[in-house]
Structures are given as structure tokens and as C-alpha cells.
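Comments concern the structure below.
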Ligand code: SPV
Ligand code: MN
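Okay, structure coming up:
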């Protein structure tokens, strides 16, 4: 491609740094065409995709796509964070030296977009006008049209978002090249895929996948990995894999905002999109802000503020239905523009289906294809139990499709964060909710977040797979420095948010869930607000404050008293075991701040005290609420 063609392809008002970036990479990947994209191109790009069959119709204004069979999820082993500074090496970030990695990925990308279009996707990972806007601008080059269509739903896309940059050279440079998915050797020793964030150069080079987290560079690579690196380097903010929701008390007008992290498969999207329990729905309204990412900073008044940098939802389809997530079901309806990926698809009716959408799959299998495109009706007996949809099948929609979207979701000032919650997934030990009134102890709790792994074979049942702050796959620098940055940011806050740990997954002796979950989960968050506002006193335990059973609003929820007691019980012996695991977990990390170890020691010591440290509601001197 000549310089003149390139100039034609990129609008005249495009900044010269973007032009240079596009020219540099076009000369490496050698696409046949270059096209600059704007959100308004969506309808045309959809038409093109329907014409060439990369998208199939899925009812009015909804679309279906199938991935390559080997390309269905993020690859944590093939994802690296690279910088020039070896001190950035962490336990989880697969750190490598930037110069080496850049060379390696570049060589793989060479000539790999031949015959394809290079789409130039300018985007913003923030509402326009936020104090963090400078860190939010990016340009993704991609050779996959479906990636463009997903980016248009997930980010704010268009050159206008980059026209007012204070520093026109300051945008994240993202290059996505799909590669030939048939010959990449996924999962073998010769695996060619490489997903690199060159964090200190604000460059993202991803080769060898067209799957969401590997290919939509605004979302995970920029929105989490790079942004968390920027957040520390600038000293200004935190970027976390957190949901953000608002709770409005329609009687009093009180409005609270909660953000928080949950390890995968712990119901983060369902909670983010929750509605109030049926019986409380006249009194409370829940507002949706985001289901996956929050950027958090401290404003001039010392308040912790946050926003969702995304403009859409890339949700897991499996088990989404009108009971688990009525909001999502409404959001993906006709005319929503939703793109379904790797669900089952009916080529006659254009319906989609996934496990859990209905208790049983459609009885009439005529026209149904599984996620690989194979007809269900022709399955052999041996295959009848295979899922119809891929377990990581997804729906992609923009935020404006979500019925209970908060009115101020695009507000440049974000919202004040009143509570930071961590949601574990444990069948015992963790109560329904425990409030943590000390900020360092809250950070410590986030760092020891985890989900129970199924280690049954190794006899390690009940142990956690730790997922600090739910950031394990997205950590961009050393975990001890990450903890120090958290303490630094939270230390600037004058009105502390309350920290809390929640758990919807306790089991009874028969293996059934003790708590109904889903919409009922709001009851735990309502108690948290009551506790923070002094309307509830709770019961102080070694690991935080749990509700008195009568402080939970259980209106309309038939649940036995004994069960509520069990949900709020602290099993000291189990906690003591957990404390030992936590010590081992934290010891892996270099430069873990003393405050975190102090918090750990304080919880461990409190667990060794024979009885509750103090009478219900009283504040022990070293455990004062610092708000
Ligand atoms: C996640 O896996 O945590 C996601 C989706 O949010 S993606 O990273 O795109 O797979
Ligand atoms: Mn996520």
C-alpha cells in the first residue's frame, strides 16, 4: 500500500501519530486494504458479514457467529506482560522482556494479514470527559470484521473520541492479527499464539485468535492489564475486574454504589444485572453500571469514585435465563443488535439456545446445530450428552440495551463508591456477608479472594484457588507493588467505602445451597448499607462484622431461622486452616507491604481468642471503623 492510498484511507483530520502507527503496522502485516471504522459503520459491516456468512441472522436485529473450534476462550498461558524492567515480574503476569517479546510477535505478524482488510478502530475506554480520559484512548488495528463489530458494542468507537486528545501521541497502540487458526498449533509445544501487552510502551500485540478477551483489545488488554499498569505508574487510579451497581431506596431517596470482584463463575454478571427480590421491588431499584471492569480514583474531596470504562456487556450465555438474569434476557431481545457466539443455532428458525436457557433443550431437533455447526439430529448415541452450546458461549450487547441501566452511567465524574465487595465461592466457612471496617484489612481480604477449586482427587477439598482481587489473569506488575498501590490510593480517601466479603454458595449437609441466591443476594447488600449507616450493629467476629439474623430484611423469603444462623456462622476451626493457606499464598509475592501482613496477623490472632473479642456492636480499639 502506498503512502497516498494510506492517506486516502485515513480521514484528513486524523492525527499524524495515528497515521504513523497505521503505516508502520500495515508495512508489517501487509493487508490488502485499510479501513477506518466509526460506530456508524455498524449497519454496513453487519450487512457485509451477513453477505459473506461470517454472521448468521438470529431473529430481528440479532446475529450469530461461530468461532474456529480451537478458539473459544482466553489463553492465560499464552498471555504475557512485557516491560523493560524485570522488577515488574509477578507471580501471575508471565512477565517477559519487552524487546524480546516485541520481536517475536512482530515476526509472527509479518505478512499475516495478506488478503484481508486492516480495520483501524479508534476507541475510548471511558465515558468522554472523565479525569482518566488520557489513559482511555486507543486505536486497535484488527484484520477481523467480527472483532470490529464486537468492539463497536463494547467500547466507544469513532475517530471523534480521539480528536480532542491533550497529547495527540498518547493513545494505546493495539495490533490484533488473527493468523491462520488452522495452523497455529493451539495447545501444542509449537503453539504460535502470543498475546503481549508491552505495558511500559502502552502497546498491545495479540497474534493468533479472534476470541473476545484475546482480540477485543480495548476490554481486557487495555481496560485491565494496561490500565492497571498506567494506574500505578501515574499514581492516579486502579483498574479492576469489578462490577459496579447502584441501589436506590425509593422511600428515602438514598442511593448507594457498590463495586466488587468475583472470581470467574461466581455470578458477577448476574449480580451486576440483578433486580431486587420480588417482595422488595416496590421499595428498591437496582441500577446497572457495569459487569466486568471498574476504574477507580480519589477525587479532590477525598471520595473514591469509579466508572465502567466499557460500553457493553460480553456475557457468558450458559445458565442465563429469566430466573438467573432477567435483565440480560431483556437486553438480548429482538432489535438489540446482540451478537451470539458459539451458542447452538437453528438454521431454519434462526433461534439460539444454550445450556440452562431452558431446563431441557428444544424437543424438536430439526434445524438445530451445535456450536461447532454439527446437526444435533445426526449425533451418534455416544455424543448425545455433549453440550449443544460451548460452555463459554457469549452474547455481546451495548450498555444501552440493558433495561435498568443507570441514568448517569456515562457521567464523566463517575459515581462515589460506597462499598467494595469481594465474592468468594465456598461451600462453608464464608458467611453470607461480613463487613470489614478497616481499609488495610479490606485490601488484605481482596488479596486472599478465591474460589473453591475441585481438588477432590488430590484430597485438597475446600482449599481455594486464590484469585487476588479477581485480577489473577490480568495482573500487570508484581503483586506486592499492586497491594502497595491499593493502600496508597485507599489511604487518600477521607470517607472510606466499606469493604465486605459475600458468599452465595454455602451448602447444607446434603450438598444443596443454603441461600437461594440471584435476586435475593441484594438482601446482603442492603444490610451492608444499613451497617455502614449505623442502622444495624451486627455481631463482631474475628473476621469482620456479620448481621444479627434479625437485621437481614427477609420480607417475602421463606427461610428457617436455623438456616439463617448457619449462613451467618463463623467456623473458627475452618478459618484457622484457611489462615495457614493464606500465609503460604501471600508469601509467594515480593514486596508485600507490612500493613497487609499486619492485617493478616490481626485476623489470625483474633481467631485464636477464646470467645468473641467484644460484645455485639462494640468496637475493639484496634479494629475501629475508619470512616
Ligand atoms: C473474562 O474472561 O473475565 C471476561 C471475558 O471478561 S474475556 O476476557 O473476553 O474472555
Ligand atoms: Mn471478566
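Numbering (the numbering used here), first residue to last: -15 to 611.
Virtual Cβ for every residue (Gly too), placed ideally from N, Cα, C.
In the structure shown, residue 102 adopts extended strand secondary structure according to DSSP, grouped into three states. Under DSSP, residue 330 forms a beta bridge with 352.
Screening all residues for a C-beta within a distance smaller than 5 Å of any heavy atom in the ligand SPV leaves 58, 196, 197, 204 and 276, in chain order. Non-local beta-carbon contacts of residue 40 in its own chain, meaning distances under 6 Å to residues more than five positions away in sequence, involve 48 in chain order. For the pair residue 354 and residue 364, the Cα-to-Cα distance works out to about 13 Å. Taking C-alpha positions only, residue 311 is separated from residue 376 by approximately 19 Å. Shown here for residue 62: same chain residues with a beta carbon closer than 7 Å to its own, the five before and five after excluded, namely 175, 177, 178 and 179 in chain order.
Apart from the 5 residues on each side of it in sequence, residue 55 sits with its Cβ closer than 7 Å to the Cβ of 165, 193, 194 and 195 in its chain, given in chain order. Residue 497 sits exposed, since fewer than 16 C-beta atoms from the chains shown fall within 10 Å of its C-beta. Residues 227, 229, 272, 274 and 275 of the same chain have their beta carbon placed closer than 7 Å to that of residue 256, with the five preceding and five following residues left out of the count. Residue 295 is a Cβ neighbour of residue 137, given a cutoff of 9 Å. Taking the C-beta atoms as reference points, residue 29 is found nearer than 9 Å to residue 132. Judged by the Cβ position, residue 302 fails to qualify as a neighbour of the ligand MN at the 8 Å threshold, every heavy atom of the ligand being at least this far. Judged by pairs of C-beta atoms under 8 Å, the stretch 505 to 523 does not touch the stretch 392 to 399, as fewer than three such pairs exist.
Contact between residue 146 and residue 181 does not hold, since their C-beta atoms are separated by about 20 Å, which reaches or exceeds 8 Å.
For residue 291, the pairing in a beta bridge is given by DSSP as 279. Relative to the Cα of residue 200, the nearest Cα in the group 160, 332 and 53 belongs to 160. With contacts defined as CB atoms closer than 9 Å, residue 26 and residue 321 qualify as a contacting pair. Per the DSSP secondary-structure output, residue 525 pairs in a beta bridge with 528. For residue 406, the uninterrupted beta strand (DSSP E) segment begins and ends at 403 to 407.
Inter-segment contact for the stretch 65 to 73 and the stretch 454 to 466 is present: three or more beta-carbon pairs are separated by less than 8 Å. In this structure, the alpha-carbon of residue 546 lies about 12 Å from that of residue 499. Collapsing the DSSP output to three states places residue 158 in a strand.
Less than 9 Å divides the Cβ of residue 453 from the Cβ of residue 406. Where residue 58 is concerned, there is no enclosing beta strand (DSSP E), because DSSP gives it neither an H nor an E.
In this structure, the beta-carbon distance from residue 383 to residue 270 does not fall below 9 Å.
By the criterion of a C-beta distance shorter than 6 Å, residue 341 is surrounded in its chain by 305, once the five residues flanking it on both sides are discounted. Within the stretch 151 to 231, the runs of beta strand (DSSP E) that reach at least 3 residues and sit entirely inside it are, in chain order, 156 to 161, 178 to 182, 187 to 191 and 221 to 224. Collapsing the DSSP output to three states places residue 310 in a helix. The C-alpha of residue 578 is placed about 27 Å away from the C-alpha of residue 516.
Between residue 465 and residue 80, the CB-CB gap reaches or exceeds 9 Å. For residue 566, the enclosing alpha helix (DSSP H) has its first and last residue at 556 to 571. The three-state secondary structure of residue 233, taken from DSSP, is strand. Residue 246 carries a coil assignment under DSSP once its states are collapsed to helix, strand and coil.
Contact annotation, residue 104 with residue 6: C-beta distance approximately 6 Å; criterion of less than 8 Å satisfied.
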